Amino acid sequence: MNIFNPYLEVIKKAVDRDPKYTNRFFSNMPDEDYDLSYIQKLRSELPNLEKLNESVQLAKGLGTPSITSLPRLGNHPDFAHLKSSRNTEKHWIISAFVDVQKSTQLHNRFTLATVALITEGIVKASIFAVNLCGGYVHRIQGDGLMVYFGGKNIEKGQATKDALKAFSMISYFVKNDLKEYFELNSIRDIYTRTGIDLGHNNQVLWMYSGLGDSGEVTTCSLHTSLAPKMQATATSNGIVVGQHILNQLSSSDKYFNQKSKPIWDYEDGRFYNHYDFNWERYLVDNDFAAQNLNGDILLNIGDYSISNDPINLVPIAKINKPYLNFR
Amino acid sequence: MNSILKKDVNEFINRYYKFRVIDYNRNGCVLIEGYISIVDVNGDIWSANYKVQIAIPVSNYPNVTPAVKEISTKIERNWDYHISEEGICCLAIPHKLLVAERRGINFTQFYQEFIYPFFTNHQHKLRTGKYANGEFEHHEKGILQFYSEELKTKDLTFTQKIIQAAIGKLKIGNNDKCPICNANKFKKCCKPKANKILRYGLKRLRDDLEIVNIELTKES
Ligand SMILES: [Zn+2]
Chain Y
1105 MNIFNPYLEV
1115 IKKAVDRDPK
1125 YTNRFFSNMP
1135 DEDYDLSYIQ
1145 KLRSELPNLE
1155 KLNESVQLAK
1165 GLGTPSITSL
1175 PRLGNHPDFA
1185 HLKSSRNTEK
1195 HWIISAFVDV
1205 QKSTQLHNRF
1215 TLATVALITE
1225 GIVKASIFAV
1235 NLCGGYVHRI
1245 QGDGLMVYFG
1255 GKNIEKGQAT
1265 KDALKAFSMI
1275 SYFVKNDLKE
1285 YFELNSIRDI
1295 YTRTGIDLGH
1305 NNQVLWMYSG
1315 LGDSGEVTTC
1325 SLHTSLAPKM
1335 QATATSNGIV
1345 VGQHILNQLS
1355 SSDKYFNQKS
1365 KPIWDYEDGR
1375 FYNHYDFNWE
1385 RYLVDNDFAA
1395 QNLNGDILLN
1405 IGDYSISNDP
1415 INLVPIAKIN
1425 KPYLNFR
Chain B
5 MNSILKKDVN
15 EFINRYYKFR
25 VIDYNRNGCV
35 LIEGYISIVD
45 VNGDIWSANY
55 KVQIAIPVSN
65 YPNVTPAVKE
75 ISTKIERNWD
85 YHISEEGICC
95 LAIPHKLLVA
105 ERRGINFTQF
115 YQEFIYPFFT
125 NHQHKLRTGK
135 YANGEFEHHE
145 KGILQFYSEE
155 LKTKDLTFTQ
165 KIIQAAIGKL
175 KIGNNDKCPI
185 CNANKFKKCC
195 KPKANKILRY
205 GLKRLRDDLE
215 IVNIELTKES
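Sequences listed follow chains Y and B, in order. According to the working numbering, the first sequence is numbered sequentially starting from 1105. According to the working numbering, the second sequence is numbered sequentially starting from 5.
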């Protein structure tokens, strides 16, 4: 079983039922004329907190502490004490941005309600992956997330690995599970882009920004600002990371490709570089995914081989007919 | 290292992330090491993770047969699993490997045709107790079985004559009435069969003829 299936199923239903899509060769009807009441029901089928826990347990094994309440947005729990105060605090953090890019084709084919539901499905799947890997969703935009990894009870190196794992899983979901289904329906061009960067203790200032209660505990940091700039340079389903991220990994060369132009000029002769992250290699190398005969990648989180049916081995296994010539 | 080999090896390790080159020249071979995980056609992942070393001979590439050594000992060292004590895997009947070698291999394709199916079939055997497509008997008996399947015959004398025709020991004109089956012009009946087995190469055919001859003497 694939941990993203509950999200994929809802998106499939939305596509299958979209009246504009099923009617696409005949009609120019405006969205308002279609009966879209089913969309609300589908939205409620996207996994809620209970399902989130189920999936987390499946993926991490039984005995995993369950998420009793999703932490409220906008107040990283380790810095929530800054809420409504003027105090500030310096502490390292990994900032990440992910968004869902949609082609105009998608808008032309489907009613807006369906496009919104597809986006919501991807965003919720992303929230799930971030929570599964120990990250904190700071803000939800319509088609994207701002996420923090790190805090006061975790090592930088571990938080870095967690962040890379979470966004690799998200990219995988959109590039593989979702794309496979969309391509069956000749829909192209829906993908995510991600930017991730790490700011060290002296580079990140935590503070409360806003009026009274309607504000958020947020970071002021060059590296929080660079993450969305990196995101903008990412390819389809690409992840771009800053130099500080790669410095946290012991064996990094095989996963990262330096971009030709630095992302930041300190104007003192120093530059800050950013890198394309080969998340597919990362997933496989760290056993979060496996590769089939052709090298295609399959997520290996929450998978149980006991229930596998050997009949599915046969088409590959029968290519081999064993013989022995040792003496 | 020749440029085709370099290109093929790079293509392979850029596609299968769990593999890396550990030596560009170990005893005349490029030595690759990595892990094979088995994913079935339903996309389900099987728990086995085989660690292997693959030696690709440098000279003569692409006309070579890579050798595979299973070093994780996930395969029991027992002839019934077609593996040697040291973990050398018997990937296929030599004839199939010879055809690939003589035609010239592309390493990625070799991996997909011989290496990955070998390990997939091991999973199948572990789960069901048998190989998906049966197996050849060991040693000479397996060779005889192979010819019987390839030539679709149970008649050993027929096999003997086809091999003789293939290596030129039995000279038959294209338009002669076929002395092997007595049915047709040679080019229309048995010549295509002789040509088919000629792909294994003369040396192999001479060895096989010997095996067939010995078996025929035993029978008579
Ligand atoms: Zn004939």
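Heads up, the beta-carbon is just placed ideally off N, CA and C, and yes, glycines get one too. Just so you know, these numbers come straight off a predicted model, no measurement behind them.
Where residue i falls: helix, strand or coil (DSSP)
i	result
Y:V1345	strand
B:S41	strand
B:R131	helix
Y:G1314	strand
B:I256	Nothing can be reported for residue 256 of chain B, as the shown portion of chain B is limited to 5 through 224.
Y:L1140	coil
B:K11	helix
Y:H1195	coil
B:E90	coil
Y:A1118	helix
B:N29	strand
B:G205	coil
Y:E1320	strand
Y:A1217	helix
B:T61	Reading the sequence as shown, one finds Pro at residue 61 of chain B and not Thr. Of the three classes helix, strand and coil, the one that applies to B:P61 here is strand, per DSSP.
Y:R1297	strand
Y:Q1245	strand
Y:E1384	helix
Y:E1224	helix
B:R19	helix
Sub-9 Å separation of residue i and residue j beta-carbons
i	j	result
Y:Y1379	Y:V1345	yes
Y:P1426	B:A52	no
B:R107	B:R208	no
B:P61	Y:L1397	no
Y:G1248	Y:I1198	no
B:Q127	Y:L1417	yes
B:I166	B:L155	yes
Y:L1221	Y:V1114	yes
B:I119	B:I26	no
Y:D1301	Y:F1108	no
B:K189	B:N199	no
Y:T1322	Y:G1178	yes
B:L174	B:L220	no
Y:V1234	Y:A1270	yes
B:D278	Y:I1401	No information on residue 278 of chain B is available, as it lies outside the stretch 5 to 224 that chain B covers here.
Y:N1412	B:N46	yes
Y:I1274	Y:S1230	yes
Y:I1367	Y:L1268	no
Y:G1238	Y:A1200	no
B:W83	Y:F1430	yes
Assumed close pair residue i, residue j - CB separation to whole angstroms, cut-off 8 Å
i	j	result
Y:Y1111	Y:K1187	That belief does not hold up - the Cβ atoms of Y:Y1111 and Y:K1187 are roughly 32 Å apart, past 8 Å.
Y:V1278	Y:I1226	6 Å
Y:P1332	Y:G1299	6 Å
B:I4	B:V72	This structure leaves residue 4 of chain B out entirely; chain B is present only between 5 and 224.
Y:R1121	Y:Y1142	6 Å
B:Q149	B:F140	5 Å
Y:D1203	Y:R1128	27 Å between Cβ atoms; not a contact.
Spatial neighbours of residue i in its chain, beta-carbon cut-off 7 Å, leaving aside the 5 residues before and after
i	result
Y:L1216	D1135
Y:N1106	D1281, L1403
B:K78	A52, Y54
Y:A1338	R1297, T1298, G1299, V1344
Y:I1244	L1177, V1227
Neighbourhood of residue i by C-beta distance below 8 Å, restricted to the same chain and skipping five residues each side
i	result
Y:S1189	Y1312
B:Y135	N125, H128, K129
Y:D1391	N1404
Y:E1224	R1147, L1150
Same chain, Cβ closer than 6 Å to residue i, neighbours up to 5 away in sequence not counted
i	result
B:E89	R81
B:L9	Y65
Checklist line | Cβ-based contacts, 9 Å cut-off: residues of the stretch 1366-1392 of chain Y near chain B | finding: N1382, E1384, R1385, Y1386, L1387, V1388, D1389, D1391
Margin query: Counting only Cβ-Cβ distances shorter than 8 Å, please list the residues of the stretch 127-139 of chain B near chain Y, keeping chain order.
Written below: Q127, H128, R131, T132, Y135, A136, N137, G138, E139
Checklist line | Short-range partners of chain B found in the stretch 1411-1424 of chain Y, where Cβ spacing is below 9 Å | finding: S1411, N1412, D1413, P1414, I1415, N1416, L1417, V1418, P1419, I1420, A1421, K1422, I1423, N1424
Check: Along the stretch 23-37 of chain B, what residues have a CB closer than 7 Å to any CB found in chain C?
Finding: Checking the listed chains, one finds no chain C in this structure; the protein chains it contains are Y and B.
Next item on the list: With 7 Å as the limit, tell me which residues of the stretch 1320-1342 of chain Y have their beta carbon closer than that to any beta carbon of chain B; keep them in chain order.
Entry: none
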